[in-house]
Every structure is written in C-alpha cells, then in structure tokens.
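Note that the protein sequences, when read in sequence, are chains A and B. Per the working numbering, the first sequence starts with residue 4, numbered consecutively. Per the working numbering, the second sequence starts with residue 4, numbered consecutively.
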Amino acid sequence: MTTMQTSTARPATMQTPARAVYKDTRSLWERLRTNRNWLALWFMLPTAAFLILFLAYPLGLGVWMSFTDERIGRTGVFIGLENYEWLWNDSIFWLSVFNTLLYTIIASIIKFAVGLYLALLLNRHMPFKAIIRAIVLIPFIVPTVLSAIAFWWIYDPQFSIVSWSLIKLGLISNNINFLGDPNMARASVIFANIWRGVPFVAITLLAGLQTVSPSLYEAATLDGATDWQRFRYITYPLLTPIIAVVMTFSVLFTFTDFQLVWALTRGGPVNATHLMATLSYQRGILSGRLGEGAAIATAMIPFLLAAIAISWFGMQRRKWQQGSDND
Amino acid sequence: MNDFTTDRRSLLKGGATLLAAAATMSSEQLLGYAKAWAQTSPWKPEPGAKINLLRWKRFVEAEDVAFMKIVDTFQKANNITINVSNEAYDDIQPKASVAANTGQGLDMVWGLYSLPFLFPSKCVDVTDVADHLAKVGGGWSDSGKAYGMLNGKWIGIPVAATGGLVNYRIKAAEKAGHKEFPKDLGGFLDLVKGMHKNGTPAGMALGHASGDANGWLHWALWAHGGKLIDKDNKVVVNSPETAKALEYVKQLYENFVPGTASWNDSNNNKAFLAGQLHLTVNGISIYVAAKKENPAIAEDMNHAHLPPGLDGKTRELHLGFPILIYTFSKYPQACKAFTAFMLDPAQFNPWVEAAQGYLSPFLLGFEKNPIWTADPKNTPFRDVARTANTPAGVATMSEAAAAAIADFVVVDMFANYATGREDVKTAMASAERNAKRIFRGG
C-alpha cells in the first residue's frame, strides 16, 4: 500500500534514487508509526471503525438476513434467494415498488421546481429578508411525525379543515375523501412530502446562488442579456454542482421516506400508498418476518445506487470541474 | 376461592359506588394485604429486583391510576422496583419485538393480541401462575386458555380483553326500523343500509387499524363460515364461504360513511363523539369518553354483540391484553409474583371497576363484578371472553397466526374487494398466497 501510494504521488524518477541511498534502520513499528501514509491511515481508523460498526455492519447484517428466514426472537437458516423469489411474484411488493418510484419521481421533480423558484425569489433584495428566509425553513424543522399528524388532521375524512372550508364556501357538498381513495391518497401523501421537502431544496440552492459572483450578472446585463439568458447561461451552470448534491439527497430522502406515510395512512387504503420502507417495516417488525422485511429493504439498494449514479455521473462530470473550460 | 368471596363482600358493602368502596381500603390496608399476600405467595421476588415493564398507553385514565396503585403497593410490600413505561398501541409490538430479539431492555410486556406468540421461545413458562389464578379467579374461559397456551404450557397470562362490540346510537337505529338490535346478519345489513339512507351512517375501519379493522372483519369472515386456516393450520381461505363474506362486507362498505378505507384505530372514536358516526365497532372507550364530555351522546348510545353467524354462533375477535415475561429477565420470580398479584381479586376487582368496562376479564369469576350490571350498557362487555376467538380461529394460536394478523392478510383481502381494487377471486387468491407463505411448514 505504501509503495503504491508513493509511486502515484510522485514521479517515479525522483523516487528511485532516494530510496537506494537512504537505508532505514528503524524498527518496523517505528516506521509504521511515523510514515506519512501510514499516519493518515491511523488517523482514519477511528472514523473507519465508527462507519464499519454503525453503517457497514448493520447494512451487511441486513443483506445477510434477507437470505435467511429469520424471525423475531430466533435466528433463521440460510434459504438463499427464496425471499426474493417470493417477492418477485408478490403483487403487493411490486405495488410498493411502483408507489415508491411514483412518490420519489413526482415529489422530487416538484420539490426541485418549487425549491429553485423559491430560492430565486429569496435571493432578491427585499425587506425582512432574514426573517422570511427563516420562515421558509419551518416545515423542515418541524419533526416529521408532528407535521404528519397535522396533515393527518388536514386529510381527516370527517374533520378535514379543507373539506370544511370548501363546504362552508358552498363549493362542494361532501367531505373530500383524501386518504380513502387510492389515487387521492397518493396525491395527498406526495403533497405532504413536497411541503416538507421544499425548504431543504430552496435553502440549499439559495446558498449556491449566493456564491455566484454579482460581477457575472453585471457583465451579462451590460451585454444585454435577458433575465432568462442570465439564468440559463450563468445561474444554472454555476448551480449545477449544488443541484446535483441537493437532488441526490432529496431523492434519497424521498425514496427512503417512512414516517410521513406511516403516520398518515399505514400504507393504506388497500396498500395504495405502501412504500418499500413501510412494507418492509410491516412485514419485518410488525409481522415478525425479519428475513422478508430485510429482503424488501435490500431491494431498495439498487434503486438508491442508481439514483446516486445518475446524479454523480450525469451532472458532475463537467469539464470545468476538473479545471478546464466548459465548452 | 375463599379470598375471592371475602373480597367480593368487602367490595359490595360500598353498594352502587364501588369505586369508592375500593378506595376505602386505605393504602395502609392495601399494603398490609399485599405483605400478607407476599407471605403466602409461592413466588419469592429476588431481593432488590428491578423490573422494567412496558404497557400500552391507557385509554381510560382511571384504569391507569388503579394499575399504578397495584404497582406501587407491590413495590412497597416486596421492596423491589418496577419501572412502568407506556407506549401507544401501535408502538408496543415493535418495541417488544426488538427487546425479544436483542435480549435486553425489558422484563415484562403487557401487550396486545397474541404478542407472546410472535416470539414464544422468549417467553417464560407461566403455567404455575395460570394455574394459581384459575383457582383464585374462578377458572379460565376457553378463550383465555386459547390466548395464553401454546402446546400445553402458558406463555403469557391474558389479563383482560377490550371487547370490539357494536356501538350505536339508539335513535338512529330506531329510525332505521330496528327498535331492537338485529340478531342476524341480514338484519344487521338492513340496519346499516337504513342508517345510510337516513343520513346517520355507520362506519367501520377497513384500513390498517390493528384493533378495529381486524376485529370486525374476522367476525364477518367467521360468521359466513369462512376461515383463514383450518384446525391443522392448512390455509383454506379461498372458499365459497369467504366469497359470501366478501359480498356481505362490500354491501356494508357501500353504505358506510366515506373514508373508512383509510381509518385507523382512532378515526371512529373521533367521528362518533362528534356525532357524525352512528354505528361502529369499538371498545367501550367511546362510551366512557361520552359520559364525561358529551352526555347527550352517552344517553343515546348503546352496545351490542355483533350478530351471530350463519350457524347461529357468535365468534368475535376482541383485543386481548396478554402479559408476558421474557426468558432473559433476571427476576423471573418477581415478575411471576407481580403477574399473580395484579390478577388477585383484591387488586383486580377495583382495577376492573376503574376501567369502567374497558377491561373484560378472561377469568370467569370476575364476571360477577358489579361493574357489568351497574350500568346495563356495560353488560355486553362482560361476555367478551365467551365470544372471543383468537386470530387463529378454529386452529390453535401460533406464531404464524400472529404474523398473519400483524400483516393484515384478512383486512387487505376485504378492503381489496370492498373498494373494488380486486375481484372476489383475485382478492381470495392473494390472501391465500400470503397466508400459505406465512403458514408454510406447519
């Protein structure tokens, strides 16, 4: 490892003679202790141990569990791909995959559009700028379960404030069945997720916008660029790395969302809002079939990896990021 | 048995206000009783025992107060500590399961339904406690045995159940042409249809409501002769009887208040108390709350058992409350002693009274508690143990049956057909497929 790293770090020609002249008389331990490359390794060890213990190990355990028929309270035996074969033919599982993709794609697109729009608005000079920016963050600060309960009341089949207001205004005659109808329920949970997710996107993009040098806009304005042209040729390209990061996170959060749906619908009505995460919980923890629950959770990994891959390879491979012109 | 009768008498002295009678036993008297009880108890708590007990969060405040009084007395009499933590219905099972899996954190759980059957190998054999309680409590009902025993030994003690019974508004039912609560399936459907027509609709949960939806939908399945599994745990859900039950529930659903497909356990309570729902299946908690907050509704409501099935037998699925002791507890004797103590007539009677009908006993002796007859609206809840079936139905309760109910196999089948998402055949076939997997290999 040492030689590999040093040889890539320095041109080989410089390195070889130096080695031949200098004869190291220190003990192996001494050398390991003081060698720069090894030293870096030592410094990384605590973090690595932390990550392995709390991230890699549980992940590995989960994946392993998905190949067993483990139930709560007793260890399982290895059953190979049986859990996956079963899920492959399970209509509820596929429904949950469909729901998760629908939920993620629609919510992410809208969150991005609304978030970007909000960020552009907030980037302007206006009175009470700081306070308004702080207010925007509220949905993000409120604990998910709390906001879910608020939405649960808003969507209540009997006591919904929305239904009540519209009835009082004489616009509708019956309560809206927000969570009782499959498509309405999907729309409702997606809306709640968007409400919650927009501030994260907006504030992060706003941070990105503030790093764009005003001189670029000045120059563009002098050149007679329109608003749209300034956005398209200055803001957007400079914002791309931030967009890549923020959307990767946003997609990951949305894909693995659990609390909101669980508090609102428990995956109902008739499983129309079951996400992979909620189904995994229902089967793994509530029903006690840890193996199957783990298989559902593991099945999320390829989707997550794909999401990461798309944003990192698709959006970040820009020449200008590696120091050359972006032409 | 002797203990039982003397205590009954001391309680009866108080007359109609039994709660007061129980309260007249001062805390010193209670402590004295508890100390004497500890002397004769076959279980000697480990010295300095510290028990972590998890229970469901109370629905009736006085019930919790009475329970904590028992805990407190037991702690003092035995010089041990019991830490009680409360969790909402839905959170009990995951927490208990995690404790079972990791082997730490809790000593006892007072949970719901068939909790001990989800991890029977982690539950202490409490046959000795059950036998003792049968002696002092007037014997176990059949449903009590079914809820507590696995392969001839007791893995949990079914403390009580809360009955999932019909709560209905008297005037609305009368207006729909039913002066008396219907005694058969046809009459019940007619009642629900009539109420819908009059704009005083009924509604029962078809969502993932672990208590409410599972309760009445299992009743509907069993009433039509349908079963998820037969005596030998063979999956037999795909049957003409199930199809009949599906049709029946669809007709009910079409006459319900909108939104029941999304209801969880609390929706019907809220809607009933707000006067928007006129018939539902629930525990006595609506009535208890109405007495306090909305006397007009309490006055106009009553309870009834769901009508008997086609064969004339009433089979209901009530929400059982079993208590279990983990095998990894360091204080099994203290846990056993506490279990026996809380169901001891001197403790259990005042507790049942404080619960105002929310706790229906599995021990038959407690049916004589005056709470059941003091208010005739409480009486249907007395017989909960007699109509109760476990989620396994005609089969014996098992890990797989506990898993099936937690995965909403039956609820989803009914909801899929009633909401029109699947036809009869597909709904039954998917339930069959799910059940077969859960019950594979036994």
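The beta carbon of each residue, even a glycine, is placed where N, CA and C say it ideally should be. This one's a predicted model, so the numbers in the text were calculated from it and none came from an experiment.
Please report the distance separating the alpha-carbon of Asp93/B from that of Pro394/B.
Mapped onto the second sequence, residue 93/B falls at position 90. Mapped onto the second sequence, residue 394/B falls at position 391. Each residue's Cα considered, the two are about 17 angstroms apart.
List in chain order: all unbroken alpha helix (DSSP H) runs of 4+ residues lying wholly within the region 377 to 434 of chain B.
382 to 385, 387 to 390, 402 to 409 and 412 to 421
What residues from the region 273 to 305 of chain A come within 7 angstroms of chain B, judged by C-beta to C-beta, listed N to C?
Val273, Asn274, Gln285, Arg286, Ile288, Leu289, Ser290, Gly291 and Arg292
Identify whether Ile363/B lies in helix, strand or coil by the three-state DSSP scheme.
On the second sequence, residue 363/B is found 360 positions in, with the first residue counted as 1. Residue 363/B is actually Ser in this sequence, not Ile. It is a strand residue.
Could you tell me the alpha carbon to alpha carbon distance between Thr6/A and Leu56/A, rounded to whole angstroms?
Looking up residue 6/A in the first sequence gives position 3. Looking up residue 56/A in the first sequence gives position 53. Confidence at Thr6/A is low in this model, with a pLDDT of 42, below 50, so its placement is unreliable and the value that follows should be read with caution. Going by the C-alpha atoms only, they are around 29 angstroms apart.
Taking the Cβ atom as the reference point for each residue, do Trp222/B and Arg318/B lie within a distance shorter than 8 angstroms?
Indexing the second sequence from 1 puts residue 222/B at position 219. Indexing the second sequence from 1 puts residue 318/B at position 315. For Trp222/B and Arg318/B, yes; Cβs fall inside 8 angstroms.
Let me make sure I understand the geometry here. Which of Arg286/A, Met250/A, Gln285/A and Ala275/A has the alpha-carbon closest to that of Leu307/A?
For the purposes of this step, residue 307/A is identified with residue 304 of the first sequence, where counting begins at 1. The option with the nearest alpha carbon to Leu307/A is Met250/A.
Might you give, ordered along the chain, the residues of its own chain that have their beta carbon closer than 8 angstroms to the beta carbon of Leu242/A, omitting 5 neighbours on each side?
Your numbering for residue 242/A matches position 239 in the first sequence. Answer for Leu242/A: Leu208, Gly211, Leu212 and Val215, listed in chain order.
Is the Cβ of Lys125/B closer than 8 angstroms to any Cβ of chain A?
Here residue 125/B refers to the residue found at position 122 of the second sequence. Cβ-Cβ to chain A under 8 angstroms: yes for Lys125/B.
Can the beta-carbon of Tyr361/B be found less than 8 angstroms from the beta-carbon of Ile287/B?
One-based indexing of the second sequence puts residue 361/B at position 358. One-based indexing of the second sequence puts residue 287/B at position 284. For Tyr361/B and Ile287/B, yes; Cβs fall inside 8 angstroms.
For Ser314/A, collect the residues of the same chain with a Cβ closer than 7 angstroms to its Cβ; drop the 5 residues on either side in sequence, then sort them by chain order.
What you label residue 314/A is simply residue 311 of the first sequence in a count that begins at 1. Correct list, in chain order: Ala247, Met250 and Thr251.
Should Pro379/B go down as buried or exposed, given a rule of 16 or more other Cβ atoms within 10 Å for buried?
Here the question's residue 379/B lines up with position 376 in the second sequence. With fewer than 16 other Cβ atoms within 10 Å, it is exposed.
Do Pro202/A and Phe143/A come within 8 angstroms of each other at the CB atom, strictly closer than that value?
Counting from one through the first sequence, the residue named residue 143/A turns up at place 140. Counting from one through the first sequence, the residue named residue 202/A turns up at place 199. Closer than 8 angstroms, so yes.
How about Gln262/A: is its C-beta nearer than 8 angstroms to some C-beta of chain B?
Counting from 1 along the first sequence, the entry for residue 262/A is found at position 259. With 8 angstroms as the cut-off, Gln262/A does not count as an interface residue toward chain B.
Answer with buried or exposed for Pro61/A, where buried requires no fewer than 16 other C-beta atoms within 10 angstroms of its C-beta.
The residue labelled residue 61/A in the question sits at position 58 within the first sequence. Burial call: exposed.
Host beta strand (DSSP E) of Ser88/B (start-end)
By 1-based counting over the second sequence, the position of residue 88/B is 85. Note, Ser88/B: beta strand (DSSP E), Thr84 to Glu90.
Taking only three categories from DSSP, how would you classify Ala24/B?
Taking the first residue of the second sequence as position 1, residue 24/B is located at position 21. At Ala24/B the pLDDT is 44, less than 50, meaning the model places this residue with poor confidence and gives no usable figure here.
Can you check whether the C-beta of Thr245/B is within less than 8 angstroms of a C-beta belonging to chain A?
For this step, residue 245/B is matched to residue 242 along the second sequence. At a cut-off of 8 angstroms, the C-beta of Thr245/B has no neighbouring C-beta in chain A.
Can you check whether the CB of Val145/A is closer than 8 angstroms to the CB of Thr276/A?
For the purposes of this step, residue 276/A is identified with residue 273 of the first sequence, where counting begins at 1. For the purposes of this step, residue 145/A is identified with residue 142 of the first sequence, where counting begins at 1. No. Outside cutoff.
For Leu115/B, which of helix, strand or coil comes out of DSSP?
Here residue 115/B is taken as the residue at index 112 of the second sequence, counted from 1. For Leu115/B, the three-state secondary structure derived from DSSP is coil.
Quick one: is Arg11/B near chain A, going by C-beta distance under 8 angstroms?
Indexing the second sequence from 1 puts residue 11/B at position 8. The predicted position of Arg11/B is uncertain, since its pLDDT is 42 and thus under 50; no value can be drawn from it.
Can you give me the Cβ contacts of Ile245/A inside the same chain, cut-off strictly under 7 angstroms, excluding the 5 residues immediately before and after it?
Locating residue 245/A in the first sequence gives position 242, counting from the first residue. Thr207, Leu208 and Gly211, listed in sequence order.
Test item: CB-CB of Ile197/A and Ile299/A under 8 angstroms
Taking the first sequence and counting its residues from 1, the one referred to as residue 197/A is at position 194. Taking the first sequence and counting its residues from 1, the one referred to as residue 299/A is at position 296. In this structure, Ile299/A does not lie closer than 8 angstroms to Ile197/A by Cβ.
Identify whether Ala292/B lies in helix, strand or coil by the three-state DSSP scheme.
Within the second sequence, the letter at position 289 stands for residue 292/B. Three-state result, Ala292/B: helix.
Determine, using beta carbons only, whether Thr268/A comes closer than 8 angstroms to chain B.
Here the question's residue 268/A lines up with position 265 in the first sequence. With 8 angstroms as the cut-off, Thr268/A counts as an interface residue toward chain B.
Which value, in whole angstroms, describes the spacing of the CA atoms of Lys447/B and Ala357/B?
The structure shown does not extend to residue 447/B, since chain B spans only 4 to 445, so no value can be given for it.
What does Arg172/B touch in chain A if you count any residue whose Cβ is under 8 angstroms from its own?
As a first step, residue 172/B must be located in the second sequence, where it is residue number 169. Within chain A, no residue comes near Arg172/B; the closest Cβ sits about 15 angstroms away, beyond 8 angstroms.
Quick one: what's got a C-beta closer than 6 angstroms to Val264/A's C-beta in the same chain, skipping five residues either side?
Start at 1 with the first residue of the first sequence, and residue 264/A comes out as number 261. So the qualifying residues of the chain are Val192, Thr276, Leu278 and Thr281.
Helix, strand or coil for His306/B per DSSP?
Mapped onto the second sequence, residue 306/B falls at position 303. Strand at His306/B.
Can you look up Leu140/A in the DSSP assignment and give me helix, strand or coil?
Position 137 of the first sequence holds residue 140/A. Three-state result, Leu140/A: coil.
Would you grab the beta carbon distance between Pro272/A and Ala190/A for me? Rounded to a whole angstrom, and I think it's under 8 angstroms.
As a first step, residue 272/A must be located in the first sequence, where it is residue number 269. As a first step, residue 190/A must be located in the first sequence, where it is residue number 187. Actually they are not in contact, since the Cβ atoms of Pro272/A and Ala190/A sit about 13 angstroms apart, beyond 8 angstroms.
What does DSSP give as the partner residues of Glu319/B in its beta bridges?
Position 316 of the second sequence holds residue 319/B. For Glu319/B, which the question treats as bridged, DSSP gives the partners Ala391/B.
Give, in chain order, every residue of the region 413 to 437 of chain B whose Cβ lies closer than 7 angstroms to some Cβ of chain A.
Cβ contacts with chain A come from Asp415, Ala418, Asn419, Thr422, Arg424 and Ser433.
Hey, does Arg348/A have any beta-carbon neighbour from chain B nearer than 8 angstroms?
Beyond the ends of chain A as shown, which are 4 and 330, falls residue 348/A; an answer cannot be given.
Would you please state the rounded distance, in angstroms, between the beta carbons of Pro48/B and Gln336/B? I believe it to be under 8 angstroms.
As a first step, residue 48/B is located in the second sequence; it is residue number 45 there, counting from the start. As a first step, residue 336/B is located in the second sequence; it is residue number 333 there, counting from the start. Contact between Pro48/B and Gln336/B holds: CB atoms are separated by about 6 angstroms, below the 8 angstroms threshold.
Residues of chain B with a CB under 9 angstroms from the CB of Asn180/A: which are they?
Looking up residue 180/A in the first sequence gives position 177. Those are Pro261, Gly262, Ala264 and Ser265, listed as they occur along chain B.
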